[in-house]
Amino acid sequence: MTEHDHIDGYREWFLSGEELDATRTKIAALNRRAVGRGFTGRIKVEARPATRSHVPAQGAPTVTEHGFAVTISGEPPCYSGWRFIAAADVIPQRPATAADQPAGAAADSPGIAAGAARVVLRYAPGADPIDNATVRPGECDHCHTVRARGTTILVQHERSGELRQVGRSCLKDFLGHTALPVFIDADQIADQVERSMRGAQQAAAWDLHSVLTYAWATVETYGWAPASSPHSTRDLVAEALAGGPRSTEVLASIRAKLPEGEQMAPRIVTDLVNGLEGRGGYEANLLSILNAGVVDRRKHLGLAVSTITAWHRISQANARSAKPEPSRTIGYAGEIGAAITLSGTITTAMWIDGYHRNSPPQRLIILDCGDAVAKMITAAGWADDIDRGEPLTVTATVKAHTDYDGVPQTVLVRPKRLDHPQVADPRPAPAGPVWEQVRQVPPQARFQTAPLASGPPPTPDLAV
């Protein structure tokens with residue numbers, strides 16, 4: 200949320216859609232409380248779609264944000280035919296000094312009069328500004344006295360247009376009310392709105408062209424990283440778009456690819472709008488972002504950033520379909536339940552989440568074996584080092600025979616990589632069976648040497 204002065208002197212904010220909703224809710228609550236206290240005016244929020252731009256770093260492409268230009272307006276309260284215009288606060292006087300005389304002015308030039316009072320006017324919502332010089336500080340048109348008053352109220356008759364200033368202590372008598380009328384100025388409303396928004400501000404929505412420019416440069420520099428990664432592509436793009444100290448490192452890394460991203464952004468939108476056909480799911484959501492041209496940072500940034508990978512997939516598919524390939528017949532490999540060995544080229548190697556919450560990520564591998572296509576999912580360590588286009592030989596068990604886009608696929612389970620496939624022995628096989636010669640082993644005693652000497656047992660020695 201940012202604030203600046205409106206061309207007509209009113210305060211204006213640049214809010215996101217969520218901030219605008221919160222502001223309207225806050226103003227509605229203020230209106231209800233003010234009416235309960237006798238407030239007869241009306242406070243309203245006026246908003247119109249707007250954009251703003253900033254440069255995250257010197258030399259970087261401009262980032263455009265979409266949001267709403269918001270002002271607080273309404274109708275000033277009216278009591279007994281007198282409409283409240285503003286509260287005039289008197290600034291404390293100070294003695295005039297030489298510094299008050301304009302540079303080069305004569306000593307007797309008026310400059311700023313000694314002890315001149317200054318006033319600040321706090322207008323009611325919807326009130327028209329008036330000349331500050333017409334205000335007479337400290338004077339009341341009801342009691343006709345001049346004294347040190349901190350604030351006087353400026354009121355205007357709703358029929359004659361007569362403007363009067365009345366001291367706060369004289370308001371009840373002037374209007375004939377038994378209670379002090381309620382006055383709420385625009386600054387009080389703005390302060391309450393800003394206080395309620397403090398700490399909950401959200402960036403306005405980014406322009407799709409800006410998001411795609413920085414997303415292209417980020418993917419080309421760092422590669423694609425899903426939202427579950429510590430440094431996901433979505434988070435890196437958000438830092439680059441927002442600018443500031445945290446984005447310095449990211450912007451320095453992707454700077455060389457940003458001009459290319461600016462050129463690719465409109466082409467990506469055109470290709471995907473013409474190439475995506477989904478009426479539901481991911482493709483339908485992506486088409487909604489592309490057609491809207493606006494990206495909500497908190498809700499849709501990840502979806503918008505994935506446009507880059509979606510464009511790469513469609514471009515590769517179009518390139519394969521445009522390239523003539525010799526006709527071939529693809530069938531199933533092996534019988535279900537059989538152990539087989541397949542060799543081919545990896546056409547897909549992507550990471551997917553595990554089956555359970557705490558299970559490790561797994562690798563989905565599609566292997567083109569020429570006359571067969573094999574599909575396998577594994578969390579084995581050897582799958583960490585493979586990439587598309589590389590050759591691969593695996594031994595696995597056939598789980599099922601399925602079809603994908605009309606192409607037969609052989610689903611494998613428990614695949615094991617064969618780094619060095621067995622090569623057939625070039626030596627010719629023997630003509631007949633070879634029998635091993637077995638020689639009989641002669642019988643042997645359990646002990647090779649008798650444990651006791653042979654002969655009759657010794658005569659026991661009898662002692663007398």
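Okay, so the sequence shown: first residue is 200 according to the working numbering, each after it adds one.
Ideal Cβ positions, reconstructed from N, Cα and C, are used throughout, including at glycine.
Remember, it's a predicted structure, so these values are computed and weren't measured experimentally.
| message | If contact is defined by three or more beta carbon pairs under 8 Å, each pair taking one atom from either stretch, is the stretch 538-547 in contact with the stretch 577-584? | response | no
| task | Along the alpha helix (DSSP H) that carries T420, what are the first and last residues, could you check? | result | L407 to Y421
| message | Could you tell me the alpha carbon to alpha carbon distance between V606 and G474, rounded to whole angstroms? | response | 22 Å
| Buried versus exposed, by CB contacts within 10 Å (16 or more), Y603 | exposed
| field | Where G375 falls: helix, strand or coil (DSSP) | value | coil
| query | What does a CB cutoff of less than 6 Å around C568 pick up in its chain, not counting 5 residues either side in sequence? | reply | L541 and G543
| field | Validate contact between the stretch 279-287 and the stretch 436-447 using beta carbons, cut 8 Å, 3 pairs | value | no
| request: Given a cut-off of 9 Å, decide if L566 and V468 are closer than it, judged by their beta-carbon atoms. | output: no
| query | Any chance the stretch 211-224 sits against the stretch 265-272, with 3 or more Cβ pairs inside 8 Å? | reply | yes
| task | Could you tell me the distance, in whole angstroms, from the CA atom of T447 to the CA atom of A256? | result | 8 Å
| said: What residue range does the beta strand (DSSP E) around H600 cover? | reply: P590 to Y603
| said: I believe Q561 touches I545 by the beta-carbon criterion, under 8 Å. Please report the beta-carbon distance rounded to the nearest angstrom. | reply: Contact doesn't hold; Cβ gap of about 15 Å is too wide.
| Residue range of the unbroken alpha helix (DSSP H) whose run includes Y481 | G480 to A491
| message | So, under 8 Å CB-CB, L457 and A259 are touching, yes? Tell me the CB distance rounded to an integer number of Å. | response | 6 Å
| request: Within its chain, find whatever has a CB closer than 6 Å to the CB of A315; leave out the 5 residues flanking it on each side and keep chain order. | output: Any reading at A315 needs caution, since the residue's pLDDT is 46, under 50, leaving its predicted position unreliable; the model's value is listed next. Counting only Cβ-Cβ distances below 6 Å, and skipping sequence neighbours, we find nothing.
| Neighbourhood of E245 by C-beta distance below 6 Å, restricted to the same chain and skipping five residues each side | T270 and S272
| said: Assuming contact is defined by CB atoms lying nearer than 9 Å, are I383 and G366 in contact in what I supplied? | reply: no
| request: Helix, strand or coil for A562, going by three-state DSSP, please let me know. | output: Note that residue 562 is Arg in the sequence shown here, rather than Ala. Looking at R562 - three-state DSSP - the assignment turns out to be strand.
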